[in-house]
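A short write-up of the structure that comes next.
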Amino acid sequence: MEGGKEIQRAKPIAIFMAFGTKGDVYPIAAIAAAFATDQNGYDVVFITHSAHENLSSHLEKKNVMYVPISSPPVLSSNGTDDKTGSPELEFSKQKKVITKEHRRECCSAVERIFGDGPSLEGDFIAINFFALEGWSLGELFRVCCVVVAPYVVPYSAPSYFERHFRNELPLLYKYLQEAPADKACWKDVIHWMWPLFSENWESWRKEDLNLSPYPFTDPVTGLPTWHDRPPSPLLLYGFSKEIVECPDYWPSNARVCGFWFLPIEWQFSCQECREISTLLSSGHLTTDEMCSAHAELQYFLKTPLSMPPIFVGLSSIGSMGFMRNPQAFVQVLQSVLGITCYRFILFTAGYEPLDAAIQEIANEASSISNQRQLIQNGITLSDGRLFCFSGGSTAAALYAGIPQILCPFMLDQFYWAEKMFWLGVAPEPLRRNHLVPENTIGTSIRVAANVLSQAIHDALSPRVKARALEICKRISLEDGVSEAVKILKEEIGRTI
Numbered sequence: 072m073e074g075g076k077e078i079q080r081a082k083p084i085a086i087f088m089a090f091g092t093k094g095d096v097y098p099i100a101a102i103a104a105a106f107a108t109d110q111n112g113y114d115v116v117f118i119t120h121s122a123h124e125n126l127s128s129h130l131e132k133k134n135v136m137y138v139p140i141s142s143p144p145v146l147s148s149n150g151t152d153d154k155t156g157s158p159e160l161e162f163s164k165q166k167k168v169i170t171k172e173h174r175r176e177c178c179s180a181v182e183r184i185f186g187d188g189p190s191l192e193g194d195f196i197a198i199n200f201f202a203l204e205g206w207s208l209g210e211l212f213r214v215c216c217v218v219v220a221p222y223v224v225p226y227s228a229p230s231y232f233e234r235h236f237r238n239e240l241p242l243l244y245k246y247l248q249e250a251p252a253d254k255a256c257w258k259d260v261i262h263w264m265w266p267l268f269s270e271n272w273e274s275w276r277k278e279d280l281n282l283s284p285y286p287f288t289d290p291v292t293g294l295p296t297w298h299d300r301p302p303s304p305l306l307l308y309g310f311s312k313e314i315v316e317c318p319d320y321w322p323s324n325a326r327v328c329g330f331w332f333l334p335i336e337w338q339f340s341c342q343e344c345r346e347i348s349t350l351l352s353s354g355h356l357t358t359d360e361m362c363s364a365h366a367e368l369q370y371f372l373k374t375p376l377s378m379p380p381i382f383v384g385l386s387s388i389g390s391m392g393f394m395r396n397p398q399a400f401v402q403v404l405q406s407v408l409g410i411t412c413y414r415f416i417l418f419t420a421g422y423e424p425l426d427a428a429i430q431e432i433a434n435e436a437s438s439i440s441n442q443r444q445l446i447q448n449g450i451t452l453s454d455g456r457l458f459c460f461s462g463g464s465t466a467a468a469l470y471a472g473i474p475q476i477l478c479p480f481m482l483d484q485f486y487w488a489e490k491m492f493w494l495g496v497a498p499e500p501l502r503r504n505h506l507v508p509e510n511t512i513g514t515s516i517r518v519a520a521n522v523l524s525q526a527i528h529d530a531l532s533p534r535v536k537a538r539a540l541e542i543c544k545r546i547s548l549e550d551g552v553s554e555a556v557k558i559l560k561e562e563i564g565r566t567i
């Protein structure tokens, strides 16, 4: 796939480009792996942050080339080294530098992959909503671009966007409004493409890629391509129709596949536990014991059977700067443990300040009570009731048929929190200060602990439990990854 005019490619190329956190990236990697397995006549490439390098071994086994990009999955102003006296200004400067290098690396990677030769029928780039570079790169290399998104588009156009667009680009607005429903039209723009018409992307397209400033316009005249109306871009969503309705105002080529769950072998960070799971599933092993390093974890999960632990997943709220006081968060959990008989298993997502807060409290508890402690591989057992290690999810809870409690912080989290409440599988969403108080004042901690305890009580009610099992049964027969591969084959891929 490396460039070179003398090389004539025999196979079409499928590039899957996904940026963001694990929840943004891993489902796309699962589709790339499944597509490569199903379509061995394709060369399949996966481009993402180097921070997700642990995907590379899984992808390699499926004959998918892993291409790392050095940019971080998350940019947070918290870690900015302020040299200007203004943290906001310093963060903005840092973001511009990282973005410029990120786009340069993306362009260079795609150029190496496609080379200098002509594109082949069947070539395509699949992107998530945080990899919009791929749209313009697809245009540059004359290959089809599709969108693969694990969730509903997480951002909406500003209220002034359509008015501004109509005033600044009247001919392009007319072109999009008059387009047939099956062609690229205003529905596509207002649903997800609108950022591509911002100055941020306009300058990169024009100055670095030598493309027209805006999609669907001629690079020479700047006028809409009246003579060439491309089809509505394929947009695959990785959730269930049982959970999210598909309104008429969505683009005509938006498809809902079902949830994109990862292969089971990807869900183990421990090689030995993964091998045990493989032997179990193949019938070569009859015991379900974990490896010796994780025997304590297994004991915690199973004992007592009458009181299974409650999972607390923080996703990326720490690394994105939403957890200013991890000590307060841990104290809330401690307070809940003190007034209830619940047990928690906490995924810290590797957020170091939270890990440090847990370590400190665990050490204090150990010195006071002589309780047995296990501090190994990021795992801490305190009072036999609080277990912590790194790792995320709404879809996983739905699939498991268990109730959930949501505390939204950003983007689509508010949508999903309200959706789960509306479906009846979760109580009313928590406010941020009821999970992560701003301070460790006793009153704040007590109020938050009482609210969280009540939310857990409501989530464990017979009504919510029954509803969670009902939804689980509805989605259990879906195979979202296989459906996505099927649609890709039908729409752009070719069966070889």
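The sequence shown begins at 72 in my numbering and counts up one residue at a time. By construction, the Cβ of each residue, glycine as well, lies at the ideal position given by its N, Cα and C atoms.
So, helix, strand or coil for methionine 226, using DSSP?
For clarity, residue 226 is tyrosine in the given sequence; the question names methionine instead. If DSSP states are grouped into helix, strand and coil, tyrosine 226 belongs with coil.
Answer yes or no: do alanine 180 and lysine 133 have a C-beta to C-beta separation smaller than 7 Å?
no
Quick check: the Cα distance between cysteine 341 and valine 407, rounded to an integer number of angstroms?
31 Å
Below 7 Å between beta carbons: does that hold for leucine 267 and tryptophan 257?
no
List, from N- to C-terminal side, the beta strand (DSSP E) runs of 3 residues or more that fit wholly inside the segment 207 to 273.
215 to 220
Find the nearest neighbour of isoleucine 432 within the set Val403, Trp272, His173, Met361, judged by alpha-carbon distance.
Val403
Using the C-alpha atoms, what's the distance from valine 145 back to valine 49?
Since the displayed the chain opens at 72 and closes at 567, residue 49 lies outside it and no answer follows.
Look up methionine 481 in the DSSP assignment and say whether it is helix, strand or coil.
coil
Write down the C-beta distance between glycine 205 and methionine 394 rounded to the nearest angstrom, noting that I regard them as a contact closer than 8 Å.
No, glycine 205 and methionine 394 are not in contact; Cβ-Cβ is about 31 Å, not under 8 Å.
Going by C-alpha distance, which of Ala497, Glu541, Ser547 is nearest glutamine 525?
Ala497
Alanine 325 - containing beta strand (DSSP E), residue span
325 to 327
Could you give the uninterrupted runs of the alpha helix (DSSP H) lying entirely in the segment 174 to 207, keeping only those of 4 residues or more?
none
By the 10 Å Cβ neighbour count, where 16 or more other Cβ atoms means buried, how is asparagine 324 classified, buried or exposed?
buried
Range covered by the alpha helix (DSSP H) that runs through tyrosine 370:
366 to 373
Taking the alpha helix (DSSP H) that isoleucine 381 falls in, what are its first and last residues?
Where isoleucine 381 is concerned, there is no enclosing alpha helix (DSSP H), although the beta strand (DSSP E) it sits in stretches over 381 to 384.
According to DSSP, simplified to helix, strand and coil, what is alanine 81?
coil
Please report the straight-line C-alpha distance between leucine 501 and arginine 534, rounded to a whole angstrom.
19 Å
Beta-carbon separation (whole angstroms), isoleucine 261 vs alanine 228, contact threshold 8 Å:
6 Å
Terminal residues of the beta strand (DSSP E) in which tyrosine 413 lies
Per DSSP, tyrosine 413 belongs to no beta strand (DSSP E) and is neither H nor E.
Proximity of leucine 280 and serine 207 at Cβ, strictly below 7 Å:
yes
Starting from aspartate 114, trace the beta strand (DSSP E) in both directions and tell me its first and last residue.
114 to 120
Backbone secondary structure at phenylalanine 310 - three-state DSSP:
coil
Please state whether the Cβ-Cβ distance between leucine 333 and valine 219 is less than 7 Å.
no
For threonine 296, which of helix, strand or coil comes out of DSSP?
coil
Determine the extent of the alpha helix (DSSP H) in which valine 535 is found, giving its start and end residues.
533 to 546
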